[in-house]
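Here the structure is laid out as structure tokens; the discussion comes afterwards.
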Amino acid sequence: MNVLSIVSECAPFAKTGGLADVAGALAKALGPLGCKSQTLMPAYPALKPLAEKGRQIASFDRLMGGPARILRVRASGVDLLLLDAPHLFDRPGHIYLDASGKDWSDNHLRFGALCKAGAEIALGRLPDWQPDVVHAHDWQAGLVPLYLRQAGSALPVVTTIHNIAFQGIFPPSVMAPLALSSAHFTVDGFEYWEKVSFLKAGLVYADHITTVSPTYAHELLMPDFGMGFEGLLGARAGRLSGILNGIDVEDWNPATDPRIDANYSTRSKKGKVRNRIALARSFGVELPEDAPLFGLVSRLTSQKGLDLMVEATPHLLARGGALVVLGSGDKALERAFADLATAHPGRVGFDTRFDEGLAHQLQAGSDVMLVPSRFEPCGLTQLCALRYGTIPLVSLTGGLADTVINANPAALAAGCATGFQFSPVTKGALIHALDRCFDTYADPVAWKRLVSNAMAQDVSWSTSAARYAALYKELASAHD
Ligand code: ADP
Ligand code: GLC
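For the sequence shown, this note's numbering begins at 1074 and goes up steadily by one.
Right, dumping it as structure tokens:
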């Protein structure tokens, strides 16, 4: 079974969030299941040295306004097809945003080119490899099934929604440069309120739609979460499923992680204390006595509910906790966390870097990982936290609802709790969860049990990669 995965970011090569982690880890997990996957992504400047080591296997005289080529290279266990299109991708800085923080004005061409190149590969462009199924991730790959259908191909396509908030919406004028047939510019096609939506194309023309947790699959059918696509998804509900993300448990392994201060495992957790000390020191906070050190690693956006965290921090501090935050994004949230750090020196630490090593140190050294999201399709930081024996405190939504067992009295009595959940997503409910967390921390036996339960959870890809493999197989055999 050959699978072509098409994605705008893939760890460890280019990453702004969980999409990259999933693309990288899923590709690796599929191998042992008999799926040979190749991952098509842009050759951003950071990937140029890797691309130069690759072998050119296809070229385009003109792809969205300039010459382009595809280079094949294997790295970090992933078979990559790198789309080298200098006029679209050779630019410094963020992969989606220009220096002023706005989307690159030609993002429709940049990711339209990714889709077009993907469709060409699916149509047989490579001399030695032909996919049986195409897996298109998020809006950046949304045009793939449309290009295939326009070319008369019925090759099966799975579209995965990692986050419905990003819909790839552009004015109708993009149809001509993208060579989109205006016959499909209808309410049943890719037209969305008189504009073009890449994501809508991905949802309408795919054979199957997945999203990254069962609860989010259900939430997407409701207006509060579907963000305008609830009707379309409702109509396609028979072809929509939620498959929970995992994490790369080799990369995220406290027993072997080279990025953390001291390794530890389920059997011997002593090293966690050393990581706690090192983390507090590196963020300039004093180690709280008899209270948790709270950690937060996140894009700073309204999705993540961090304005509530800012408001709840005085309570967290009043109860003796300390807080370390690693994240960047929304300028108002950056300012709010910077202000908290200034107002509470030695109690709140804040770093705006995007730094993989620091993210690992934060997971290893914190006692509690905060994820108070308003919506969360899956969320990966709570999964990493479980693996590192760091107790997730999360809102009850999306993948956070599916991966954490709330420490309510029944779960504590049954000895199966792994974290704290709160609902609704309000300051009051968050504070109540913080209080439950402090109270449980004060009982070392109960806390130890939580940590052991957390570390015993299976957060790997094993179950979910098998689900994707089964789905690919079902679609490919229906197509034969
Ligand atoms: P999302 O994809 O919505 O941002 P996820 O929880 O799925 O949320 O994935 C976020 C990923 O990005 C995690 O791997 C997390 O560790 C990482 N991350 C977020 N912010 C930073 C940062 N400032 N530095 C390093 N890693 C970060
Ligand atoms: C998105 C979502 C996040 C999910 C990630 C990977 O960025 O916001 O919840 O974990 O994609 O699927």
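Note that the Cβ used here is the ideal one computed from N, Cα and C, for glycine as well. The structure displayed is predicted, hence computed values, not measured ones.
Buried or exposed: which applies to residue i, given that a residue is buried once 16 or more other Cβ atoms fall within 10 Å of its Cβ?
{"i": "ALA1308", "result": "exposed"}
{"i": "LYS1404", "result": "exposed"}
{"i": "GLY1147", "result": "Checking the displayed sequence, the identity of residue 1147 turns out to be Arg instead of Gly. The residue in question, ARG1147, is exposed, as its Cβ has fewer than 16 Cβ neighbours within 10 Å."}
{"i": "ASN1481", "result": "exposed"}
{"i": "HIS1552", "result": "exposed"}
{"i": "HIS1505", "result": "exposed"}
{"i": "LEU1156", "result": "buried"}
{"i": "MET1295", "result": "exposed"}
{"i": "ARG1420", "result": "buried"}
{"i": "GLN1129", "result": "exposed"}
{"i": "ALA1170", "result": "It should be pointed out that residue 1170 corresponds to Leu in this sequence rather than to Ala. That one is exposed."}
{"i": "LYS1273", "result": "buried"}
{"i": "VAL1260", "result": "exposed"}
{"i": "THR1339", "result": "exposed"}
{"i": "GLU1264", "result": "buried"}
{"i": "TRP1212", "result": "buried"}
{"i": "GLU1359", "result": "exposed"}
{"i": "GLY1107", "result": "exposed"}
{"i": "VAL1518", "result": "exposed"}
{"i": "SER1173", "result": "exposed"}
{"i": "GLU1449", "result": "buried"}
{"i": "PRO1165", "result": "exposed"}
{"i": "TRP1534", "result": "buried"}
{"i": "GLY1402", "result": "buried"}
{"i": "ALA1486", "result": "exposed"}
{"i": "GLY1430", "result": "exposed"}
{"i": "ASP1516", "result": "exposed"}
{"i": "PRO1122", "result": "exposed"}
{"i": "PRO1497", "result": "exposed"}
{"i": "ARG1325", "result": "A small correction: the amino acid at residue 1325 is Trp; Arg does not occupy that position in the sequence shown. It counts as buried."}
{"i": "SER1270", "result": "buried"}
From the options, pick the residue whose C-alpha is nearest to that of residue i; which is it?
{"i": "GLY1215", "options": "CYS1108, SER1078, GLY1104 and THR1425", "result": "SER1078"}
{"i": "GLU1186", "options": "ASP1134, ASP1201 and VAL1206", "result": "Residue identity check: residue 1186 is Ala in the sequence provided, not Glu. Minimum Cα distance to ALA1186 is reached at ASP1134."}
{"i": "ASP1321", "options": "GLY1150, GLU1303 and ALA1098", "result": "ALA1098"}
{"i": "LEU1053", "options": "HIS1235, ALA1527 and PHE1410", "result": "One cannot answer for residue 1053 here, as it falls past the ends of the chain, which runs 1074 to 1553."}
{"i": "LYS1109", "options": "ASP1205, LEU1366, GLY1191 and ASP1261", "result": "ASP1205"}
{"i": "ASP1201", "options": "SER1338, ALA1131, TYR1169 and LEU1306", "result": "ALA1131"}
{"i": "GLY1422", "options": "THR1386, HIS1257, LYS1175 and ALA1542", "result": "THR1386"}
{"i": "ALA1310", "options": "PRO1327, TYR1289 and THR1329", "result": "TYR1289"}
{"i": "CYS1083", "options": "GLY1104, GLN1111, ASN1075 and LEU1106", "result": "GLN1111"}
{"i": "ALA1209", "options": "GLY1275, PRO1365 and ARG1145", "result": "GLY1275"}
{"i": "GLY1368", "options": "VAL1346, ARG1349 and VAL1398", "result": "VAL1398"}
{"i": "PRO1159", "options": "ASP1171, ARG1183 and ASN1236", "result": "ARG1183"}
{"i": "PRO1245", "options": "HIS1235, LYS1268, VAL1260 and THR1233", "result": "LYS1268"}
{"i": "ILE1464", "options": "ASN1479, VAL1095 and HIS1291", "result": "ASN1479"}
{"i": "MET1442", "options": "GLU1359, GLY1492 and LEU1469", "result": "GLY1492"}
{"i": "VAL1095", "options": "ARG1198, CYS1451, ASP1508 and SER1525", "result": "CYS1451"}
{"i": "ALA1484", "options": "GLY1471, TRP1520 and PRO1497", "result": "TRP1520"}
{"i": "SER1537", "options": "PRO1287, LYS1121 and GLY1488", "result": "PRO1287"}
{"i": "ILE1242", "options": "ALA1529, MET1300 and LEU1136", "result": "MET1300"}
{"i": "ASP1380", "options": "MET1114, PRO1115, ALA1529 and LYS1500", "result": "LYS1500"}
{"i": "ALA1227", "options": "GLY1091, PRO1218 and LEU1435", "result": "PRO1218"}
{"i": "THR1232", "options": "SER1270, TYR1278 and SER1255", "result": "TYR1278"}
{"i": "TYR1545", "options": "PRO1229, LEU1317, ASP1163 and ARG1332", "result": "PRO1229"}
{"i": "ARG1447", "options": "GLN1434, LEU1503 and ALA1395", "result": "LEU1503"}
{"i": "ILE1194", "options": "LEU1120, ALA1102, PHE1239 and VAL1076", "result": "VAL1076"}
{"i": "ARG1026", "options": "GLN1530, ALA1364 and MET1114", "result": "Outside the displayed span of the chain (1074 to 1553) sits residue 1026, for which this structure offers no information."}
{"i": "TYR1337", "options": "GLY1462, PHE1271 and LYS1377", "result": "GLY1462"}
{"i": "VAL1151", "options": "GLY1138, PRO1118, SER1178 and ALA1093", "result": "ALA1093"}
{"i": "GLU1292", "options": "GLY1319, ALA1474 and GLN1530", "result": "ALA1474"}
{"i": "ALA1543", "options": "LEU1103, SER1468 and LEU1153", "result": "LEU1103"}
{"i": "PHE1239", "options": "PHE1298, ALA1116, GLY1400 and VAL1524", "result": "PHE1298"}
| request: Enumerate, from N- to C-terminal direction, the unbroken alpha helix (DSSP H) stretches of 4 or more residues contained entirely within the stretch 1316-1390. | output: 1343-1355
| query | Which runs of the beta strand (DSSP E), 3 residues or longer, sit entirely within the stretch 1115-1182? | reply | 1128-1133, 1141-1148 and 1151-1157
| Curious, which full-length alpha helix (DSSP H) runs of at least 4 residues does the stretch 1175-1252 contain? | 1180-1195 and 1217-1223
| query | Around the ligand GLC, which residues pass a check of Cβ closer than 7 Å to any of its heavy atoms? | reply | GLY1090, GLY1091, LEU1092, ASP1094, VAL1095, HIS1235, ASN1236, VAL1285, ASN1318, GLN1376, GLU1449, PRO1450, CYS1451, GLY1452, LEU1453, GLY1471 and GLY1472
| query | Mind pulling the alpha helix (DSSP H) runs of 4 or more residues that sit fully within the stretch 1245-1316? | reply | 1271-1278, 1287-1292, 1296-1299 and 1303-1308
| message | As an exercise, report each continuous alpha helix (DSSP H) stretch of at least 4 residues that is fully enclosed by the stretch 1466-1490, in chain order. | response | 1471-1476 and 1482-1487
| query | Are three or more beta carbon pairs between the stretch 1378-1393 and the stretch 1451-1459 nearer than 8 Å? | reply | no
| contact_flag[the stretch 1335-1344, the stretch 1361-1378] where n(CB pairs < 8 Å) is 3 or more | no
| request: Spell out a yes or no on whether the stretch 1116-1128 and the stretch 1139-1153 are touching, meaning 3 or more CB-CB pairs, one atom from each, closer than 8 Å. | output: yes
| message | Taking contact to mean 3 or more Cβ pairs, one atom from each stretch, closer than 8 Å, check whether the stretch 1409-1416 and the stretch 1430-1445 are in contact. | response | no
| said: List, from N- to C-terminal side, the alpha helix (DSSP H) runs of 4 residues or more that fit wholly inside the stretch 1415-1453. | reply: 1429-1438
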